[in-house]
Amino acid sequence: MPTAVLTDHERAAVQAYLRLLQTVRAAFDSPPDGRRPPMVPPAALAEAERALAAAGLAGNEEAFFRLLHTWCPEPTQA
Numbered sequence: 071m072p073t074a075v076l077t078d079h080e081r082a083a084v085q086a087y088l089r090l091l092q093t094v095r096a097a098f099d100s101p102p103d104g105r106r107p108p109m110v111p112p113a114a115l116a117e118a119e120r121a122l123a124a125a126g127l128a129g130n131e132e133a134f135f136r137l138l139h140t141w142c143p144e145p146t147q148a
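Counting in this note's numbering, the sequence shown runs from 71 upward without gaps.
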C-alpha cells in the first residue's frame, strides 16, 4: 500500500476535520434535552475551514477525501 507524505497544512486539515467529525458525533450522541437540537461549536467548524483553506483544499473535496483516506483508512467507530 503506498504511503502519502502529507504537508504540515494537509495534516492540519485532516486533523481539524477529524476533530470536527468527533465533535459532531458527540453532539448527536448526547441525549436530547428537548429544548434545542444538538449544536456543534462554531469554532470547531471555523478551525476546519481555516485548515482546509491553508492546505489549498477548500472546494476540492475529492482531493481532500483522498488524503483523508490515505492518512486514516479505517474510520473510527464511536
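C-beta atoms are modelled at their ideal positions from N, C-alpha and C, and glycine is treated no differently.
Excluding sequence positions up to five away, which residues of its chain have a Cβ less than 8 Å from the Cβ of residue i?
i	result
threonine 93	Val110, Pro111 and Ala114
On the premise that residue j lies in contact with residue i, defined as a C-beta separation below 8 Å, what is that separation, rounded to the nearest angstrom?
i	j	result
alanine 125	alanine 82	7 Å
glutamate 117	alanine 86	5 Å
leucine 76	leucine 137	7 Å
Leaving out five residues on either side along the sequence, give the residues of the same chain with a beta carbon under 7 Å from the beta carbon of residue i.
i	result
proline 72	A caution first: proline 72 carries a pLDDT of 49, below 50, which makes its placement in the model unreliable, though a value can still be read off. No residues qualify anywhere along the chain.
valine 80	A quick correction: the sequence has glutamate, not valine, at residue 80. Cβ neighbours of glutamate 80 beyond the five flanking positions: Ala125 and Leu137.
Is residue i helix, strand or coil by DSSP?
i	result
valine 84	helix
aspartate 103	coil
leucine 127	coil
threonine 77	coil
Between the options, which lies nearest to residue i when the distance is taken from Cα to Cα?
i	options	result
leucine 90	Asp103, Arg120 and Pro101	Arg120
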